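Residue 11 is where the sequence shown starts when you use this note's numbering, and the numbers rise one by one after that. For glycine and all other residues, C-beta sits at the position ideal for the given N, C-alpha and C. On a predicted model such as this, the values are computed, not experimentally measured, just so you know. Written below as structure tokens is the structure these notes are about.
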Amino acid sequence: WLELYKAWNELQSYVWSEGSRLRYHYSKHMDDSAAEEAERVFREEIVPVAEDANAAFLEVLLSSRHKDAIGAHYGAQLLRVLEVNQEPLAPINSELRVKAGDLAKRYDKLVAAAEVTVAGETLTLPRARGLASSEDAALRRAAFEAYRTWFLEQREDIAQIYQEQVELRTQMGRNLGHPDFVPLGYAGMGRTDYGPAEAAAFRNAVETHASPLFARLCALQAEALGTPTLRPWDMAYNPELTLPTGAAQPIAGQLDKAARVFERLSPKLAAHFGRMRQEGLIDLENRKGKRAGAFCTSFSDEAKVAIFCNSIGDEGDVKTLMHEMGHAFQGWESQWIEAIDLRWPTSDGAEVHSMGMEFLSLPHLGEFFAPEA
């Protein structure tokens, strides 16, 4: 069983690393038909076969009297992770997972190709949204209205995607005996010890403590702006806190400055960052045709970690870069772990590393911003 698990683990590493490489490349170039077709073939033709085989393997492994030997060798957490992985791999939902992936791609392509006009300039959605922190009140409002108008104009297509996605996911849950998708959603996030009760407690804490504080902060922000209430196009701008326009370095210099931050923090982190730059494992700048958002991924068969950003040249870029590098550093430091299912924590646990890096980097952000900022 130990030999069998080792072979299965190595095959898993190759298959899912290939998927990560294809998705990473496609996310960078959603307007590239060849990249789109390669991603489609993997997702629609390879993934269902691989997932069905994995489901069969896990069923046999977890019902075997030898599973404790696997746990003893790799750690008991592996067995908990594999148990949680069973339902998200259920063959009964293979076709529905493919359809859900198709819907997600439709939405991502729609947003990646979007452009709006603000003050006579044609901008991608992230660049338009970035103007929300401008000192120019008229520009903030124009950017907000252009950004929101685009989504309103696409509301029929987006609503249809959302409705179909909800229906698919609800059916997935019901196929496994659940009333809805929620239990399957928890399993899909790898939550081995964080359930609905813990999530409810967290929501209650937010409502009790964070929401009143947020309301007070919004009132103070409106007061600073000289408005009776905080208007939606002013949410990202506070004259007492927002850095002045141009405070962040241009995109071309952000990686050099980040390198100096990591050198101050740790030679090991600096070495990881240097390797990522050298091997082209950081895609930083926003552009038309690029998937929205930011994420970190890995290619475990190559023992490599990559990040994806949409930097536009403002101070928010720095936070995002530090956040994703927190994920990346954890990924690099976990490459020694043989079982690939243990190289990444749960979706909740992963944010400890990313948010932690945001805070650890704060004392060194003078590399990006002048002291008076």
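| task | Apply the 10 Å Cβ neighbour rule to Met365 and answer buried if 16 or more other Cβ atoms are within range, or exposed otherwise. | result | Translated into positions along the sequence shown, residue 365 becomes position 355. Looking at its Cβ environment, which holds fewer than 16 other Cβ atoms inside 10 Å, Met365 is exposed.
| Hey, how far is the Cα of Asp266 from the Cα of Val362? | Here residue 266 refers to the residue found at position 256 when the sequence shown is read from its first residue. Here residue 362 refers to the residue found at position 352 when the sequence shown is read from its first residue. Roughly 25 Å separates the two Cα atoms.
| message | Can you tell me where the alpha helix (DSSP H) holding Asn64 begins and where it ends? | response | Walking along the sequence shown from the start, residue 64 turns up at place 54. Where Asn64 is concerned, the enclosing alpha helix (DSSP H) stretches over 57–73.
| request: Closer than 7 Å by C-beta to Met182: which residues in its own chain qualify, once you throw out the five before and the five after it? Chain order, please. | output: Stepping through the sequence shown from its first residue, residue 182 is reached at position 172. Scanning its chain for C-beta atoms nearer than 7 Å, with the 5 sequence neighbours on each side dropped, one finds around Met182 the residues Asn103, Leu106, Phe191, Leu194, in chain order.
| message | I'd like to know whether the C-beta atoms of Ala234 and Pro254 end up nearer to each other than 8 Å. | response | Along the sequence shown, one-based indexing puts residue 234 at 224. Along the sequence shown, one-based indexing puts residue 254 at 244. It is not a contact, given that the beta carbons lie outside the stated cut-off.
| request: Within the same chain, show all residues whose beta-carbon is closer than 6 Å to that of Ala302, passing over the 5 residues directly before and after it, in chain order. | output: By one-based count along the sequence shown, residue 302 stands at place 292. Contacts found: Val121.
| query | With 16 other CB atoms within 10 Å as the buried threshold, where does Asn64 fall? | reply | For this step, residue 64 is matched to residue 54 along the sequence shown. Buried.
| Under the three-state reduction of DSSP, which class applies to Ala316: helix, strand or coil? | Stepping through the sequence shown from its first residue, residue 316 is reached at position 306. Ala316 sits in a strand when the DSSP states are folded into three classes.
| Which listed residue (Gly341, Ala349, Asp327) has its alpha carbon closest to that of Leu14 | Within the sequence shown, residue 14 is the residue found at index 4, counting from 1. For Leu14, the closest C-alpha among the options Gly341, Ala349, Asp327 is that of Ala349.
| query | Between Ser357, Pro373, Ala262, Ser371, which lies nearest to Val91 when the distance is taken from Cα to Cα? | reply | Within the sequence shown, numbered from 1, the residue matching residue 91 stands at position 81. Per the Cα distances, Ser357.
| query | Is Ile322 helix, strand or coil by DSSP? | reply | Sequence index remark: in the sequence shown, residue 322 carries index 312 (1-based). In the structure shown, Ile322 sits in coil (DSSP, three-state: anything other than H, G, I, E or B).
| task | Look at the alpha carbon of Glu343 and the alpha carbon of Glu377, and state the distance between them as a whole number of angstroms. | result | Position 333 of the sequence shown, counting from 1, holds the residue named residue 343. Position 367 of the sequence shown, counting from 1, holds the residue named residue 377. Whole-angstrom Cα-Cα distance: 25 Å.
| said: Pull the bridge partners of Leu133 from the DSSP assignment, please. | reply: Position 123 of the sequence shown, counted from the start, is the residue given in the question as residue 133. Listed as beta-bridge partners of Leu133 by DSSP are Val126.
| query | Between Thr239, Ile322, Met286, Glu312, which lies nearest to Ala262 when the distance is taken from Cα to Cα? | reply | Against the sequence shown, residue 262 aligns to sequence position 252. Ranking Thr239, Ile322, Met286, Glu312 by Cα distance to Ala262 puts Ile322 first.
| task | With distances taken Cα to Cα, identify the nearest neighbour of Ile171 among Val51, Lys109, Arg241, Ala232. | result | The count along the sequence shown starts at 1 and reaches residue 171 at position 161. Distances from the alpha-carbon of Ile171 to those of Val51, Lys109, Arg241, Ala232 put Lys109 closest.
| field | Local conformation of Phe161 per DSSP, three classes | value | Within the sequence shown, the letter at position 151 stands for residue 161. DSSP places Phe161 within a helical segment (H, G or I) once states are collapsed to three.
| Among Val25, Lys16, Ala60, which one has its Cα closest to the Cα of Gly81? | Taking the first residue of the sequence shown as position 1, residue 81 is located at position 71. Per the Cα distances, Lys16.
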